[in-house]
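Student: Sending over a structure as C-alpha cells; questions will come in a sec.
Number of protein chains: 2
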Amino acid sequence: MTKKQPNYVAIVDDHLLFAGSLEKLIETFNGFDVLYHAKNGADLQQKIKENAQLPDIILLDINMPVMDGFETVKWLTENHPSIKVLALSMEDDETVILRMLRSGAKGYLLKDIHPDKLEEALNEVMEKGYYHSEKVAETLLHSLRPDDSSVDLVLKENEITFMQLACSEMTYKEIAAVMNLSPKTIDGYRQELFNKLHIKNRVGLVIYGLKNEIISL
Amino acid sequence: MTKKQPNYVAIVDDHLLFAGSLEKLIETFNGFDVLYHAKNGADLQQKIKENAQLPDIILLDINMPVMDGFETVKWLTENHPSIKVLALSMEDDETVILRMLRSGAKGYLLKDIHPDKLEEALNEVMEKGYYHSEKVAETLLHSLRPDDSSVDLVLKENEITFMQLACSEMTYKEIAAVMNLSPKTIDGYRQELFNKLHIKNRVGLVIYGLKNEIISL
DNA sequence: TTATACCATAGGAAAAACCCTGTTCCAAGG
DNA sequence: CCTTGGAACAGGGTTTTTCCTATGGTATAA
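Just so you know, the protein sequences line up as chains A and B, in that order. So in this note's numbering, the last one in the first sequence is 217, and the numbering has no gaps at all. So in this note's numbering, the last one in the second sequence is 434, and the numbering has no gaps at all.
Next comes the structure, spelled out in C-alpha cells:
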C-alpha cells in the first residue's frame, strides 16, 4: 500500500474564524492538507511567492476587501493556471456565479452546503478538473440563453463613484455637487447605467451594486 | 487528576459548511464539545426539545432565514436563561451589536477573528458569564451616549412587508396592488417609516432594512 | 484631415416620489 | 353613549427621478 502525497489546499477568506475552522475540517478529509490561508487576493499572491510548494486547490471566498475573488481568480488563471480554484460564497446569485466561472473558477460552492459535499467537491476537482453542484449546474443551464454578449460589462471609474454615492440618501443634484459635475451629466451616468444593467430605477441600482459588491453598506 | 465534564456547545448557523467546520475547530479546544448544530432558531428549538442535555453555550449566527438571531436570543433568554449565547456575525454594525446584546446575548464575536480568540471567548464566557472583544467593548462605550430612548422601535407587519417590497424595482403603485391596498395607504406607510426611522428617501429605507436585517438581497 | 467616439452638458416633459393635512370607519375603554 | 386611537384612504402641491433627444469639445484612429 503506497502512501500517496496529499493534495495541498489553500484557503482565501477574510473571515479568519471561518478559514481556521475550515482548515480543521479539511484535515479530517483523506488525502488533503491545508498549506496556508490568506486574508485576500493580495495576501495570497504574497504567500504564493514565499512558498516553494504551490497549492493544488484554492478555496476562494468572493467578497473580500482589498482584492476580491474576481480579481484574484483572474490573476490565478493567468499566472498559475495549474491551480484549481473553487469559489466559495454565500450568495447563489446567478450573475455572480457566472462571473466567477467565466473568470476561471473550476467550481462554485455555496457556503451552506453540507461538509461532506466539500470533500466530494475536492475529490472531484482533483479527478475531473471541475466540480459543479446540482444547484450551480442548474444555474449554468439556465444561463445558456443566447442573449448575453455580456462581455464582462466594464464600469468606468466615474460610473462606479456615482453608483456608490447613489447608494445613499443624497439627491442627484447633491451627488453632482460632490462629484463636481453638472446634474445633467449625472443624469447621463444614471441613464447609461440603467441601460447597461437593465434596471429600472435607483433602488435597482443600489441592489445591483450590492449584489455585485461594487458598493457595500 | 479528575476529568471534568466538558462544556457543551451548540452551533446555530444556516451555513452548513461553516457550522461543520466550526465544530471541528471547537473539538480541538480543551474542555469543549459540540452537542449539535441547528440551521436557524426554529431548528434550535426543536433540537433543545429533543435532547435531554442542554448546551452550556450557544454560538448564534445573526442573519438566518426563518428565525433570525434576534428572535432566537430573545426566546432563549426567556426560556433557557442559563444558556450563554455568543452572537456570531460578520458585520460590526453598531446598531446590530447593541440590539443583540440588549436582547440577551452574552457576547458578540465578529467572524473575522482569529480562531484562538474563539477559544478565549468560550473560556471567558464560562468563567465570567460574558465576553467582549476590544472592538465590541469600544462600540459599547461609544453607544453610551444618553440620546436613545430608542425603545426598540417596533415595526408592524404591514410596514415590514412594505419595506421588503420597496427593496425592489417596483413602483409604489405596484406595491399597493400586490398588497391589495390603495396607493395612498402605501404612501402613508412610507411617510410613517420615513419619520420613525429618520430617513429621507426610498434608498434610505433600503439601506436601513438591509443594515437591520429586516430585508435581504 | 476627416471621421469616429466619447464625454460633459442641455431642454423639455411625463412619471414617480415625497410631503402635509384632513376624513371616514371601526374597535376598545371609560 | 362618548371619547380616543389606529388604520385606510383622499386631495393636492412640490421636488426628484426618469426618459428621450441633441450639441459642442476633444482625443484618436484612419
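Glycine included, each C-beta is placed from N, C-alpha and C at the ideal position. Every value quoted in this text rests on a predicted model; they were computed, and no experiment measured them.
How many Å lie between Leu-327 of chain B and Ser-399 of chain B at the Cα?
Tutor: By 1-based counting over the second sequence, the position of residue 327 of chain B is 110. By 1-based counting over the second sequence, the position of residue 399 of chain B is 182. So the alpha carbons of these two residues sit roughly 43 Å apart.
Student: Applying the 10 Å Cβ sphere with the 16-neighbour rule, what's the burial state of Val-368 of chain B?
Tutor: For the purposes of this step, residue 368 of chain B is identified with residue 151 of the second sequence, where counting begins at 1. Because the pLDDT at Val-368 of chain B is just 42, under 50, the model does not fix this residue reliably, and the point stays unresolved.
Student: Taking all protein chains shown into account, do 16 or more other C-beta atoms lie within 10 angstroms of the C-beta of Arg-319 of chain B, making it buried, or fewer, making it exposed?
Tutor: Counting from 1 along the second sequence, the entry for residue 319 of chain B is found at position 102. Arg-319 of chain B comes out exposed.
Student: Can we say the segment 335-344 of chain B touches the segment 306-318 of chain B, given the rule of at least three CB pairs closer than 8 Å?
Tutor: Flag = no, the segment 335-344 of chain B and the segment 306-318 of chain B do not touch.
Student: For the alpha helix (DSSP H) containing Asn-375 of chain B, name the first residue and the last one.
Tutor: Within the second sequence, residue 375 of chain B is the residue found at index 158, counting from 1. 374-383 is the span of the alpha helix (DSSP H), which, as asked, contains Asn-375 of chain B.
Student: Taking Cβ to Cβ, would you say Gly-321 of chain B is nearer than 9 Å to Val-229 of chain B?
Tutor: If you number the second sequence from 1, residue 321 of chain B lands on position 104. If you number the second sequence from 1, residue 229 of chain B lands on position 12. No, the Cβ-Cβ distance between Gly-321 of chain B and Val-229 of chain B is not below 9 Å.
Student: Please return the same chain residues whose Cβ sits closer than 8 Å to the Cβ of Pro-332 of chain B, not counting the five positions on each side in sequence.
Tutor: Counted from its first residue, the second sequence places residue 332 of chain B at position 115. Counting only Cβ-Cβ distances below 8 Å, and skipping sequence neighbours, we find Leu-242.
Student: When we look at the beta-carbon of His-254 of chain B and count the other beta-carbons within 10 Å, is it buried (16 or more) or exposed?
Tutor: Counting from 1 along the second sequence, the entry for residue 254 of chain B is found at position 37. His-254 of chain B comes out buried.
Student: At the 9 Å Cβ level, is Pro-332 of chain B part of the contact set with chain A, yes or no?
Tutor: Taking the second sequence and counting its residues from 1, one reaches residue 332 of chain B at position 115. Cβ-Cβ to chain A under 9 Å: yes for Pro-332 of chain B.
Student: Out of curiosity, what's the CA-to-CA distance linking Leu-422 of chain B and Phe-32 of chain A?
Tutor: Counting from 1 along the second sequence, the entry for residue 422 of chain B is found at position 205. Counting from 1 along the first sequence, the entry for residue 32 of chain A is found at position 32. Going by the C-alpha atoms only, they are around 47 Å apart.
Student: For His-419 of chain B, decide whether its Cβ has a neighbour in chain A, counting only Cβ atoms nearer than 9 Å.
Tutor: To locate residue 419 of chain B, count along the second sequence from 1; it is residue 202. Checking the sequence, you will find Arg at residue 419 of chain B rather than His. Yes, because at least one Cβ of chain A sits closer than 9 Å to the Cβ of Arg-419 of chain B.
Student: Mind listing the chain B neighbours of Ile-199 of chain A? Cutoff is C-beta to C-beta under 9 Å, in chain order.
Tutor: In the first sequence, the residue the question calls residue 199 of chain A occupies position 199. Neighbours of Ile-199 of chain A on chain B, chain order: Glu-386.
Student: Locate the alpha helix (DSSP H) running through Phe-70 of chain A, then write down its first and last residues.
Tutor: Locating residue 70 of chain A in the first sequence gives position 70, where the first residue counts as 1. Where Phe-70 of chain A is concerned, the enclosing alpha helix (DSSP H) stretches over 69-79.
Student: Can you tell me where the alpha helix (DSSP H) with Gly-237 of chain B in it begins and where it stops?
Tutor: Along the second sequence, one-based indexing puts residue 237 of chain B at 20. Where Gly-237 of chain B is concerned, the enclosing alpha helix (DSSP H) stretches over 233-244.
Student: Grab me the residues of Glu-288 of chain B's own chain with a C-beta within less than 6 Å of its C-beta, minus the 5 sequence neighbours each way, in chain order.
Tutor: Position 71 of the second sequence, counted from the first residue, corresponds to residue 288 of chain B. The answer, listed in chain order, is Gly-258.
Student: Between Ser-149 of chain A and Arg-99 of chain A, what straight-line distance do the alpha-carbon atoms span, to the nearest angstrom?
Tutor: Working through the first sequence from its first residue, we reach residue 149 of chain A at position 149. Working through the first sequence from its first residue, we reach residue 99 of chain A at position 99. Low confidence applies here, because Ser-149 of chain A scores a pLDDT of 40, under 50, leaving its location unreliable and the question unanswered by this model.
Student: Could you compute how far the alpha carbon of Ile-275 of chain B sits from the alpha carbon of Leu-155 of chain A?
Tutor: Residue numbering aside, residue 275 of chain B sits at position 58 when the second sequence is read from its first letter. Residue numbering aside, residue 155 of chain A sits at position 155 when the first sequence is read from its first letter. Looking at the two C-alpha atoms, the distance is approximately 44 Å.
Student: Strictly below 7 Å CB to CB, what residues from chain A border Leu-398 of chain B?
Tutor: Translated into the one-based positions of the second sequence, residue 398 of chain B becomes position 181. Those within 7 Å of Leu-398 of chain B in chain A number zero; the least Cβ separation is about 20 Å.
Student: List the residues of chain B that Ser-89 of chain A touches, going by C-beta distances under 8 Å, in chain order.
Tutor: Your numbering for residue 89 of chain A matches position 89 in the first sequence. None at all; the shortest Cβ gap to chain B is about 10 Å.
Student: Can you tell me whether Leu-122 of chain A is buried or exposed, with buried defined as 16 or more other CB within 10 angstroms of its CB?
Tutor: Locating residue 122 of chain A in the first sequence gives position 122, counting from the first residue. Under this definition Leu-122 of chain A is a buried residue.
Student: Please report the residue range of the beta strand (DSSP E) in which Asp-250 of chain B lies.
Tutor: Looking up residue 250 of chain B in the second sequence gives position 33. Looking at the DSSP string, the run of the beta strand (DSSP E) that includes Asp-250 of chain B is 249-255.
Student: Using 10 angstroms around the beta-carbon of Lys-390 of chain B, count the other beta-carbons present and answer buried if the total reaches 16, otherwise exposed.
Tutor: Reading the second sequence from its first residue, position 173 is the one you call residue 390 of chain B. Exposed, because fewer than 16 other Cβ atoms sit within 10 Å of the Cβ of Lys-390 of chain B.
Student: With DSSP run on the structure shown, which of helix, strand or coil describes Asp-113 of chain A?
Tutor: For this step, residue 113 of chain A is matched to residue 113 along the first sequence. Looking at the sequence provided, one finds Ile at residue 113 of chain A rather than Asp. Coil, per DSSP.
Student: Shorter than 9 Å from the beta carbon of Leu-217 of chain A to some beta carbon of chain B?
Tutor: Taking the first residue of the first sequence as 1, we reach residue 217 of chain A at position 217. Taking Cβ atoms only, chain B reaches closer than 9 Å to Leu-217 of chain A, which makes this a yes.
Student: Whose Cβ in chain B lies nearer than 7 Å to the Cβ of Asp-14 of chain A?
Tutor: Along the first sequence, read from residue 1 onward, the residue named residue 14 of chain A stands at position 14. Within 7 Å Cβ-Cβ: Asp-329.
Student: Does chain B have any CB closer than 9 Å to the CB of Glu-23 of chain A?
Tutor: As a first step, residue 23 of chain A must be located in the first sequence, where it is residue number 23. It does: the Cβ of Glu-23 of chain A has a partner Cβ on chain B nearer than 9 Å.
Student: Establish whether the CB of Asp-364 of chain B and some CB of chain A are separated by less than 9 Å.
Tutor: Locating residue 364 of chain B in the second sequence gives position 147, where the first residue counts as 1. Because Asp-364 of chain B carries a pLDDT of 38, less than 50, the predicted location of this residue cannot be relied on, and no value is offered for it.
Student: What residues of chain A sit near Leu-234 of chain B, judged by a beta carbon separation below 7 Å?
Tutor: Counting from one through the second sequence, the residue named residue 234 of chain B turns up at place 17. The answer, in chain order, is Lys-111, Asp-112, Ile-113, Pro-115 and Leu-118.
Student: Is the shortest distance between the beta-carbon of Ile-207 of chain A and the beta-carbons of chain B less than 9 Å?
Tutor: Taking the first sequence and counting its residues from 1, the one referred to as residue 207 of chain A is at position 207. True, the Cβ-Cβ gap to chain B drops below 9 Å.
Student: Out of A:Tyr-8, A:Gln-164, A:Lys-184 and A:Ser-168, which one is the CA nearest neighbour of Gln-53 of chain A?
Tutor: Reading the first sequence from its first residue, position 53 is the one you call residue 53 of chain A. With distances taken between Cα atoms, Gln-53 of chain A lies closest to A:Tyr-8.
Student: In terms of DSSP beta bridges, what is Lys-173 of chain A paired with?
Tutor: Numbered from its first residue, the first sequence carries residue 173 of chain A at position 173. Lys-173 of chain A is not bridged to any residue.
Student: Please determine, among A:Val-203, A:Leu-197, A:Val-73 and A:Glu-192, the residue with the shortest C-alpha to C-alpha distance to Ser-168 of chain A.
Tutor: For this step, residue 168 of chain A is matched to residue 168 along the first sequence. Checking every option, the nearest Cα to that of Ser-168 of chain A belongs to A:Val-203.
Student: Please report how far the alpha carbon of Ile-300 of chain B lies from the alpha carbon of Ile-265 of chain B, in whole angstroms.
Tutor: Here residue 300 of chain B corresponds to residue number 83 of the second sequence, with the count starting at 1. Here residue 265 of chain B corresponds to residue number 48 of the second sequence, with the count starting at 1. Spanning the two alpha carbons is a distance of roughly 11 Å.
Student: Can you check whether the CB of Trp-75 of chain A is closer than 9 Å to the CB of Gln-45 of chain A?
Tutor: Residue 45 of chain A sits at position 45 when you count from the first residue of the first sequence. Residue 75 of chain A sits at position 75 when you count from the first residue of the first sequence. It is a contact, given that the beta carbons lie within the stated cut-off.
Student: Between which two residues does the beta strand (DSSP E) holding Lys-345 of chain B run?
Tutor: Against the second sequence, residue 345 of chain B aligns to sequence position 128. Note, Lys-345 of chain B: premise wrong, no beta strand (DSSP E); not H, not E.
Student: Since Thr-378 of chain B meets chain A, which of its residues come closer than 9 Å, beta carbon to beta carbon?
Tutor: Along the second sequence, read from residue 1 onward, the residue named residue 378 of chain B stands at position 161. Here the premise fails: no neighbours, minimum Cβ distance about 16 Å.
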